[in-house]
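Trainee: 37 is the number that our numbering gives to position 33 of the sequence shown; each next residue is one higher, with no gaps. Have a look at the structure that comes next, please.
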Amino acid sequence: MSPVPPNNIPTSFGPEEAATYDERFSKLSAVNSLLHLVVQSQFASLPDTAHILIAGAGTGAEVRYLAPLFPSWRFTLADPSDAMLEIARRHAVEEGFADRCTFHAGYVSSLPEAEFDAATSLLVSHFLNEEEDRTAYYSSIAERLRPGAPLFEAALCGNRSDPIFEMEMDVWLGLLTLAGMAAEGRENYRKSFGTLFAAHDPSEVEKMIGAAKFDRPVQCFQAGLIRGWITQRL
Ligand SMILES: C[S@@+](CC[C@H](N)C(=O)[O-])C[C@H]1O[C@@H](n2cnc3c(N)ncnc32)[C@H](O)[C@@H]1O
Numbered sequence: 005m006s007p008v009p010p011n012n013i014p015t016s017f018g019p020e021e022a023a024t025y026d027e028r029f030s031k032l033s034a035v036n037s038l039l040h041l042v043v044q045s046q047f048a049s050l051p052d053t054a055h056i057l058i059a060g061a062g063t064g065a066e067v068r069y070l071a072p073l074f075p076s077w078r079f080t081l082a083d084p085s086d087a088m089l090e091i092a093r094r095h096a097v098e099e100g101f102a103d104r105c106t107f108h109a110g111y112v113s114s115l116p117e118a119e120f121d122a123a124t125s126l127l128v129s130h131f132l133n134e135e136e137d138r139t140a141y142y143s144s145i146a147e148r149l150r151p152g153a154p155l156f157e158a159a160l161c162g163n164r165s166d167p168i169f170e171m172e173m174d175v176w177l178g179l180l181t182l183a184g185m186a187a188e189g190r191e192n193y194r195k196s197f198g199t200l201f202a203a204h205d206p207s208e209v210e211k212m213i214g215a216a217k218f219d220r221p222v223q224c225f226q227a228g229l230i231r232g233w234i235t236q237r238l
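Below, the structure is given as structure tokens:
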């Protein structure tokens with residue numbers, strides 16, 4: 005395993021990409037809204053004092069949804085992209101919940117030891133193509149959760165050896181077309197899927213989550229190639 009997980013962060017989530025990230029997928033906001041709604045339902049029984057780890061927080065979409073609904077929860081947002089996290093901080097200030105947030109510009113593995121009550125990892129882990137790196141990422145989350153604490157994980161995945169996969173990809177590209185992705189972008193996306201990102205199929209993802217001291221994950225969300233699971237720290 006490399007000390008710092010290899011991924012495309014400098015090019016995919018630099019200042020320019022961060023500045024347009026929120027807008028880029030705004031036409032698919034219904035997908036994000038449903039994902040957040042399922043997270044809300046899974047975390048609803050957490051105590052008022054809950055402290056939530058947001059792994060790969062990006063520009064803070066999940067915190068912006070959860071913070072107003074649970075006005076005494078605290079959040080730690082971890083992300084290796086300064087540019088993405090800076091936008092998350094700006095949203096938190098403008099929307100009045102920054103005093104409940106800690107911003108950590110770095111990987112989860114560089115966070116101090118803690119006992120979080122829950123964690124989210126939304127649309128992050130598909131950037132980790134090596135099984136060892138992805139399992140280490142899940143372990144870095146598990147090590148910072150109290151026993152029994154839930155993890156909500158959502159990522160792009162697909163079984164590329166399944167004959168139906170190309171049709172599943174077409175369904176997903178149909179959604180990305182609505183989001184404004186042009187034909188050339190869609191062709192590049194098809195080629196990059198499974199090579200530059202999202203190299204694991206759903207059963208492999210479930211195995212890696214399980215290998216990182218989490219209970220057997222239960223799939224509770226799917227939209228195109230995005231799947232979401234709920235699990236608990238053992
Ligand atoms: C597609 S964005 C998702 C952001 C946010 N969770 C959301 O749902 O909008 C992916 C984020 O994961 C971050 N990221 C990539 N690799 C990571 C890693 N190994 N650990 C933590 N975050 C990572 C990127 O910097 C980026 O901000």
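Backbone N, C-alpha and C define an ideal beta-carbon position, used for all residues, glycine too. Keep in mind it's a predicted model, so treat the numbers as computed, not measured.
Kindly indicate the opening and closing residues of the beta strand (DSSP E) around H55.
Mentor: H55 to A59 is the extent of the beta strand (DSSP E) around H55.
Trainee: Since P154 sits in a beta bridge, which residues does DSSP pair it with?
Mentor: Q236, per the DSSP bridge assignment.
Trainee: Taking the alpha carbon of L229 as the reference point, which residue from A216, G178, P221 and D219 has its own alpha carbon closest?
Mentor: Among A216, G178, P221 and D219, the Cα nearest to that of L229 is on G178.
Trainee: Taking Cβ positions, are L57 and A82 nearer each other than 8 angstroms?
Mentor: The answer is yes: Cβ separation under 8 angstroms.
Trainee: Any heavy atom of ligand 1 inside 7 angstroms of the beta-carbon of L126?
Mentor: Checking every heavy atom of ligand 1 against the Cβ of L126, one is found closer than 7 angstroms.
Trainee: Compute the beta-carbon to beta-carbon distance between E99 and R68, rounded to the nearest angstrom, for a pair I have assumed lies under 8 angstroms.
Mentor: With 8 angstroms as the limit, E99 and R68 qualify as a contact, their Cβ atoms being about 6 angstroms apart.
Trainee: Should L149 and F107 be called a contact, given that it needs their Cβ atoms to be closer than 8 angstroms?
Mentor: No, the Cβ-Cβ distance between L149 and F107 is not below 8 angstroms.
Trainee: Taking F138 as part of the alpha helix (DSSP H), name the residues at either end of that continuous run.
Mentor: Correcting the residue identity first, residue 138 is Arg in this sequence and not Phe. Run containing R138: E135 to A146, per the alpha helix (DSSP H) assignment.
Trainee: Residues in the same chain with beta-carbon distance under 7 angstroms from V42, minus the five sequence neighbours each way, listed in chain order, please.
Mentor: Same-chain partners within the cutoff: C224, F225 and G232.
Trainee: For ligand 1, any of its heavy atoms closer than 7 angstroms to the Cβ of P84?
Mentor: Yes, the Cβ of P84 comes within 7 angstroms of a heavy atom of ligand 1.
Trainee: Just curious, the beta strand (DSSP E) that A202 is in, first and last residue?
Mentor: Segment: none, A202 is in no beta strand (DSSP E) and carries neither H nor E.
Trainee: Which first and last residues belong to the beta strand (DSSP E) in which H108 is found?
Mentor: Taken as a continuous stretch (DSSP letters only), the beta strand (DSSP E) holding H108 covers C105 to A109.
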